[in-house]
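Structure (structure tokens):
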């Protein structure tokens, strides 16, 4: 995934690492993020460039502070992650699973900021219309 400004590229690796590349020279990685125990299937930068979300084959989700390289949020799942996305300001992380479920998570613990709208949308959704949406509070 490219950062919004196009200056960095994040790549998920089969050994669980995430490599961050400087696109101005492509000669070497800027840094390496470690925290996943399995292949990283998807990565996404927030538009403001402050956060990076990642998801693995084992269902783990992480959100990284892109300035400090620290994992600020992690959640374990049981279903392989298909893709991850993060809101422009890093306040909501979504992922899809290989089972067709969409999950929304709040990496900062402010569940109330989006959960009521999500729960209402889930109740109003037509029965049987895929995919399912599951809100997940912070573990």
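Residue numbers (the numbering used here): 7 to 145. The beta-carbon is built from N, C-alpha and C at its ideal position, and this holds for glycine as well. If you're wondering where the values come from, they're calculated on a predicted model, not measured in any experiment.
Residue i burial status per 10 Å Cβ neighbour count (16 or more: buried)
i	result
residue 20	exposed
residue 103	buried
residue 78	exposed
residue 51	buried
residue 115	exposed
Closest Cα partner of residue i within the set the options
i	options	result
residue 39	75, 68, 99, 108	75
residue 101	69, 43, 55	69
residue 61	89, 26, 108	89
residue 112	15, 96, 106	96
residue 13	35, 67, 47	35
residue 46	67, 27, 33	67
residue 16	23, 32, 7	7
residue 26	63, 71, 44	71
Other residues of its chain near residue i: CB distance less than 6 Å, five sequence neighbours each side excluded
i	result
residue 83	65
residue 120	Its pLDDT being 47, under 50, residue 120 is placed unreliably by the model, and the measurement read from it follows with that caveat. If we look at residue 120 and ignore the five residues flanking it on each side, its Cβ neighbours are 98.
residue 59	50, 69, 90, 92, 99
residue 28	36
Supposed contact pair residue j and residue i - C-beta distance, whole angstroms, cut 8 Å
i	j	result
residue 41	residue 11	At roughly 24 Å, the Cβ-Cβ gap does not stay under 8 Å, so residue 41 and residue 11 are not in contact.
Residues of its chain near residue i, where Cβ-Cβ distance is below 8 Å and the 5 sequence neighbours each way are ignored
i	result
residue 85	65, 103, 104, 105, 107
Short Cβ contact (9 Å threshold) for residue i with residue j
i	j	result
residue 109	residue 53	no
residue 63	residue 87	yes
residue 43	residue 18	no
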